[in-house]
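Visitor:
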Amino acid sequence: MADYLVIVESPAKAKTIERYLGKKYKVKASMGHVRDLPKSQTGVDVEQDFKPKYITIRGKGDVLKDLKKSAKKAKKVYLAADPDREGEAIAWHLAHALNVEEDSECRVVFNEITKDAIKDSFKHPRSINLDLVDAQQARRILDRLVGYKISPILWKKVKKGLSAGRVQSVALKMIIDREKEIENFEPEEYWSIDASFLKDKESFQGSFYGIDGKKQALNSEEEVQDILNKLSDKKFTAEKVNKRERKRNPAKPFTTSSLQQEAARKLNFRAKKTMMVAQQLYEGIDLGKKAGGITGLITYMRTDSTRISNTAKQEAKDLVEEKYGKEFLGGGKNEKQKEGAQDAHEAIRPTSVNRDPKSLKDILSRDQYRLYKLIWERFLASQMAPAILDTMTVHLVNNNVEFRATGSKVKFKGFMKVYVEGNDDNKKEEDKFLPDIEEGMVVDAEEITPNQHFTQPPPRYTEARLVRTMEEQGIGRPSTYAPTLDTIQRRGYVTLDHKRFVPTELGIIVIDSLKEFFPEIIDVDFTVKMESDLDAIEDGKVEWVNLLDEFYQDFKVRLEKAEKEMEKIEIKDEPAGIDCENCGHEMVYKMGRYGKFLACSNFPECRNTKPILKEIGVTCPKCNEGNVVERKSKKKRVFYGCDRFPECDFVSWDKPISRPCPKCESLLVEKRSKKEVQIQCTNCDYKEEAQ
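Given below as structure tokens:
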């Protein structure tokens, strides 16, 4: 029997760590939490200082029994759960279950699953950090009180199966508020005047700036015409030419939030998928015996810190110098942490930057490879020199009317040689060249074009935008973003339309109910303060019982008022305008766990249900009888099929077009990529740009 027992959360980690530690160590997995509050009741005694009632989680009895058996035989037990609040709480629960003294040096933490990191962590064991445990307990109890006290009221007054989580309710309100902004938005007219200039047969673009050196907005066609009437001819003088060199610094290494955002932009990953794949990379991939077997490829993926260890910095520096040259070495100006960052461990980075993505392409799955490549490139770029851009602004004047032309080109790529951060609009960055123009030169305006515009409403939230906004406002923490977004979708509070959140009627009803009786639960400032107070518990500055008591006294009064005064809301089924083919009664729209569906109004006598099929105006190309409709796969991916299924099995991931191919008369489909939308034939090489 081994001398020492090490308990980690995941069995994937257990084998790797056991191999690193040697024969004296036996490593076992707790499979996450072994104890928690009961699901069948609140499990918190509010009269006894919010004492939690912990029970063994259903299905974990055998795991705990095995751990107890192993712990009795071991000389010492090490608790090596993940290095965050949740991991500290798991270690504390295990200590209590296994009779391990919590003030003994039983806690081991590591930020990466590599041989050196694991061995070093066992040289510095510590006692369980009770402040971290208290912070997790306070959050868990707070969320339990909110969820288990408000949800039953919503079941009675609105609909069964609803929930009102603390962070999820704020996120939902943000989506609804954005939808109201869009609905109430009134477009305002504005104009621009663009010009195409010519200098020595080189064409470049400029835009109207103002008059007599003062910037002027154009709000009507009359104002535009006044400007055009002021122009004496089409000759413009370059009265001023500003040339300067501008530095552009690399983005900081990934935090949980920035990784989720960038994976959404560049890889089209949902937040949940990003975290799942990152977990795989962290826990370890089998690289083969020669390469060291199962190895963790990235550091811990739940973090809000951008700090990097000196060892990792040096490794990156050596690689940059060897691969690109000394001039590409960075100055390390990306170390400042954002306010409120926990900084408990490092940013997300490769465990070894020398393990480049190309060398792992044949070993990793496609998703693992793409995410690892993103993390690797972002980290390496963060340690590289700034890019240097030459920028040029030309002030072109005709009769005191000023146009400005701007251009820039990359003089020195620096970090851009490896990686450039994405943007929410998917705009590709390109050099914008201007010809050499000196002050006093005269250029011709080839074409002057006035353009009418209207202001646009703010965009709906994508997952990436919502995560970024939550992080900026201090709502939630790295571990909560993905579960929050998942929950509001599973509850039917929001749907995704072209990857953007749209609130459902149910979501709006829930928030309206909470707004009246529990305004603090959906208040951003209150939620931010609560997150700050939970952080203060972790820092040992606030007593967790006092924090919960302060919240609960007012909350209890609101609960009593809601029970008595909240009106019962009947969500009426919307008629679908078609009859049930089984019994002849009218079909209605109902809201289910996965969104709206069709059901017979004669329920429960008739249990006929149907998915809602959206016709796209195309006759099925296979049977020529049915219509092509939009459907969704189990993973919510849109595809197209015949409405006569299963009689006709036509399916297509690409959207069919109503007209045939002009070349061969076959089916045309719409092919979408990040850069463009193309119409392509499914039979020949015909292609055209989508209008």
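FYI, in UniProt numbering the residues of the sequence shown are 1 to 691.
Backbone N, C-alpha and C define an ideal beta-carbon position, used for all residues, glycine too.
On a predicted model such as this, the values are computed, not experimentally measured, just so you know.
Going by DSSP, what residues sit across from T295 in a beta bridge?
Guide: Here residue 295 refers to the residue found at position 295 when the sequence shown is read from its first residue. BP columns for T295 point to I285.
Visitor: From E605, R349 and F597, pick the residue whose C-alpha is nearest to that of K632; which is it?
Guide: Reading the sequence shown from its first residue, position 632 is the one you call residue 632. Per the Cα distances, F597.
Visitor: Applying the criterion that 16 or more other CB atoms from any shown protein chain within 10 Å of the CB defines a buried residue, is Y493 buried or exposed?
Guide: Taking the sequence shown and counting its residues from 1, the one referred to as residue 493 is at position 493. Buried: at least 16 other Cβ atoms inside 10 Å.
Visitor: Which of the three DSSP states is assigned to D367 in this structure?
Guide: For this step, residue 367 is matched to residue 367 along the sequence shown. Three-state DSSP puts D367 in a helix.
Visitor: In whole angstroms, what separates the C-alpha of L154 from that of G292?
Guide: Locating residue 154 in the sequence shown gives position 154, counting from the first residue. Locating residue 292 in the sequence shown gives position 292, counting from the first residue. In a straight line, the C-alpha of L154 is about 54 Å away from that of G292.
Visitor: Counting pairs of beta carbons, one from the stretch 545 to 553 and one from the stretch 43 to 58, are three or more of them closer than 8 Å?
Guide: Yes: at least three Cβ pairs fall under 8 Å.
Visitor: Excluding the 5 residues preceding and the 5 following P435 in the sequence, name in chain order all residues of the same chain whose CB lies nearer than 8 Å to its CB.
Guide: For the purposes of this step, residue 435 is taken as the residue at position 435 of the sequence shown. Once the five neighbours on either side are set aside, the close Cβ partners of P435 are K199, D200, E202 and F204.
Visitor: For L267, list the residues DSSP reports as bridge partners.
Guide: For the purposes of this step, residue 267 is taken as the residue at position 267 of the sequence shown. Bridge partners of L267: none, in fact.
Visitor: Across which residues does DSSP place K214 in a beta bridge pair?
Guide: Taking the sequence shown and counting its residues from 1, the one referred to as residue 214 is at position 214. In the DSSP assignment, K214 is bridged to I211.
Visitor: Beta-carbon within less than 6 Å of T295's beta-carbon, same chain only, minus the 5 sequence neighbours each way: which residues are those?
Guide: Residue numbering aside, residue 295 sits at position 295 when the sequence shown is read from its first letter. Contacts found: G284 and L287.
Visitor: Leaving out five residues on either side along the sequence, give the residues of the same chain with a beta carbon under 6 Å from the beta carbon of G32.
Guide: As a first step, residue 32 must be located in the sequence shown, where it is residue number 32. Excluding sequence neighbours, G32 sits near E9.
Visitor: Using the C-alpha atoms, what's the distance from V545 back to D533?
Guide: Within the sequence shown, the letter at position 533 stands for residue 533. Within the sequence shown, the letter at position 545 stands for residue 545. Straight-line Cα distance between these residues: approximately 12 Å.
Visitor: Would you call I7 buried or exposed, if buried means 16 or more other Cβ atoms sit within 10 Å of its Cβ?
Guide: Within the sequence shown, numbered from 1, the residue matching residue 7 stands at position 7. Looking at its Cβ environment, which holds 16 or more other Cβ atoms inside 10 Å, I7 is buried.
Visitor: According to DSSP, is D304 helix, strand or coil?
Guide: Position 304 of the sequence shown holds residue 304. D304 falls in the coil class under three-state DSSP.
Visitor: Can you look up W653 in the DSSP assignment and give me helix, strand or coil?
Guide: For the purposes of this step, residue 653 is identified with residue 653 of the sequence shown, where counting begins at 1. If DSSP states are grouped into helix, strand and coil, W653 belongs with coil.
Visitor: F403 and G206: beta carbons closer than 7 Å?
Guide: The count along the sequence shown starts at 1 and reaches residue 403 at position 403. The count along the sequence shown starts at 1 and reaches residue 206 at position 206. Between F403 and G206, the C-beta gap is smaller than 7 Å, which places the two residues in contact.
Visitor: On the criterion of 16 or more Cβ atoms from any shown chain inside 10 Å, does R637 qualify as buried, or is it exposed?
Guide: Taking the first residue of the sequence shown as position 1, residue 637 is located at position 637. Looking at its Cβ environment, which holds fewer than 16 other Cβ atoms inside 10 Å, R637 is exposed.
Visitor: For E339, count neighbouring C-beta atoms within 10 Å of its own C-beta (all shown protein chains included) and say buried if the count is 16 or more, exposed if not.
Guide: Residue numbering aside, residue 339 sits at position 339 when the sequence shown is read from its first letter. In this predicted model, E339 has a pLDDT of only 49, less than 50, meaning its place in the structure is not dependable enough to derive any value.
Visitor: Which parts of the stretch 487 to 566 are runs of the beta strand (DSSP E), unbroken and 3 residues or longer, counting only runs that do not cross its ends?
Guide: 494 to 497 and 500 to 503
Visitor: Starting from K180, trace the alpha helix (DSSP H) both ways and give me its first and last residue.
Guide: Residue numbering aside, residue 180 sits at position 180 when the sequence shown is read from its first letter. Its alpha helix (DSSP H) spans residues R166 to N184.
Visitor: V224: beta carbon under 6 Å from a heavy atom of the ligand FAD?
Guide: Absent from the structure shown: the ligand FAD. Ligands present: none.
Visitor: Ignore the nearest five residues each way along the sequence and tell me which others in P125's own chain have a CB closer than 6 Å to its CB.
Guide: Within the sequence shown, the letter at position 125 stands for residue 125. Excluding sequence neighbours, P125 sits near E105 and V108.
Visitor: By alpha-carbon positions, which one of S192, A238 and T255 ends up nearest to D226?
Guide: Locating residue 226 in the sequence shown gives position 226, counting from the first residue. The option with the nearest alpha carbon to D226 is S192.
Visitor: From K39 to G61, what distance separates their C-alpha atoms?
Guide: Here residue 39 refers to the residue found at position 39 when the sequence shown is read from its first residue. Here residue 61 refers to the residue found at position 61 when the sequence shown is read from its first residue. Computed Cα separation, rounded: 16 Å.
Visitor: How many whole angstroms separate the CB atoms of L5 and A71, which I take to be in contact at a CB cut-off of 8 Å?
Guide: As a working note, residue 5 is residue 5 in the sequence shown. As a working note, residue 71 is residue 71 in the sequence shown. Rounded, the Cβ-Cβ distance is 6 Å, consistent with contact.
Visitor: Quick one: give me the first and last residue of the alpha helix (DSSP H) that R468 is part of.
Guide: Locating residue 468 in the sequence shown gives position 468, where the first residue counts as 1. Taken as a continuous stretch (DSSP letters only), the alpha helix (DSSP H) holding R468 covers E463 to Q473.
Visitor: Taking all protein chains shown into account, do 16 or more other C-beta atoms lie within 10 angstroms of the C-beta of residue 703, making it buried, or fewer, making it exposed?
Guide: Nothing can be reported for residue 703: it is not among the residues displayed for the chain, which extend from 1 to 691.
Visitor: Suppose you measure from the CA of P11 to the CA of V100; what does that come to, to the nearest Å?
Guide: Position 11 of the sequence shown, counted from the first residue, corresponds to residue 11. Position 100 of the sequence shown, counted from the first residue, corresponds to residue 100. Each residue's alpha carbon lies about 21 Å from the other.
Visitor: So, using beta-carbon positions, are K671 and D654 closer together than 7 Å?
Guide: To locate residue 671, count along the sequence shown from 1; it is residue 671. To locate residue 654, count along the sequence shown from 1; it is residue 654. Cβ atoms of K671 and D654: closer than 7 Å.
Visitor: Hey, does P478 have any beta-carbon neighbour from chain D nearer than 7 Å?
Guide: Within the model displayed, chain D is absent; a lone protein chain is all it includes.
Visitor: Which complete alpha helix (DSSP H) runs does the UniProt domain "Toprim" (3 to 114) hold, if anything under 4 residues is left out?
Guide: 11 to 21, 61 to 73 and 85 to 97
Visitor: When you compare the CB positions of F379 and K409, do they come within less than 7 Å of one another, or not?
Guide: As a working mapping, residue 379 is identified with position 379 in the sequence shown. As a working mapping, residue 409 is identified with position 409 in the sequence shown. It is not a contact, given that the beta carbons lie outside the stated cut-off.
Visitor: Following the continuous alpha helix (DSSP H) through L228, name the residue where it begins and the one where it ends.
Guide: The sequence position of residue 228 within the sequence shown is 228, counting from 1. Taken as a continuous stretch (DSSP letters only), the alpha helix (DSSP H) holding L228 covers E221 to K230.
Visitor: With H, G and I counted as helix, E and B as strand and the rest as coil, what does DSSP make of L162?
Guide: Counted from its first residue, the sequence shown places residue 162 at position 162. Three-state DSSP puts L162 in coil, outside helix and strand.
Visitor: Residues bridged to N627 by DSSP?
Guide: Counting from 1 along the sequence shown, the entry for residue 627 is found at position 627. T619.
Visitor: Report all residues from its chain with a CB closer than 6 Å to the CB of A341; omit the five preceding and five following residues, and keep chain order.
Guide: Indexing the sequence shown from 1 puts residue 341 at position 341. With a pLDDT of 47 at A341, under the threshold of 50, the predicted position of this residue should be treated as unreliable, and no value is reported.
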